[in-house]
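Our numbering numbers the first residue of the sequence shown as 4 and each following residue consecutively.
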Amino acid sequence: MDEREKKALTTSLQRSSIAGTAIMSFALAFLVLHYAGLSISYSLLISTAFAAITTLARSRSRL
Numbered sequence: 004m005d006e007r008e009k010k011a012l013t014t015s016l017q018r019s020s021i022a023g024t025a026i027m028s029f030a031l032a033f034l035v036l037h038y039a040g041l042s043i044s045y046s047l048l049i050s051t052a053f054a055a056i057t058t059l060a061r062s063r064s065r066l
């Protein structure tokens with residue numbers, strides 16, 4: 004495996020990790036907010052914003 008392939012694999016794994024974080028952040032926030040008694044529309048809106056902020060922070064920090 005040469006350096007180009009290693010870099011491509013690493014980039015792909017990082018993107019998959021970031022996408023997984025976004026999905027889990029959204030799901031967790033939605034469940035907590037929905038079961039706390041918030042309406043579905045507000046839960047979706049807040050969960051989407053939380054997932055977007057988490058994803059943006061994660062992609063900028065490259066963790």
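We treat Cβ as the ideally placed atom computed from N, Cα and C, and that holds for glycine. Computed from a prediction, not measured in an experiment: that's the story for all the values here.
Between the CA atoms of residue j and residue i - distance to the nearest angstrom
i, j, result
"Leu16", "Ser62", "12 Å"
"Ser20", "Leu59", "13 Å"
"Leu12", "Asp5", "11 Å"
"Phe53", "Phe33", "10 Å"
"Ser64", "Ile43", "31 Å"
"Lys9", "Ala22", "20 Å"
Boundaries of the alpha helix (DSSP H) in which residue i is found, first to last residue
i, result
"Ala39", "Neither: Ala39 is in no alpha helix (DSSP H) and is coded neither H nor E."
Spatial neighbours of residue i in its chain, beta-carbon cut-off 8 Å, leaving aside the 5 residues before and after
i, result
"Thr57", "Thr24, Ala25 and Ser28"
Beta-carbon contacts of residue i that lie in its chain and below 7 Å, excluding the five residues immediately before and after
i, result
"Leu31", "none"
Local Cβ density within 10 Å of residue i, reported as buried at 16 or more and exposed below that
i, result
"Ala39", "exposed"
"Leu48", "exposed"
Beta-carbon contacts of residue i that lie in its chain and below 6 Å, excluding the five residues immediately before and after
i, result
"Ser50", "Phe29, Ala32 and Phe33"
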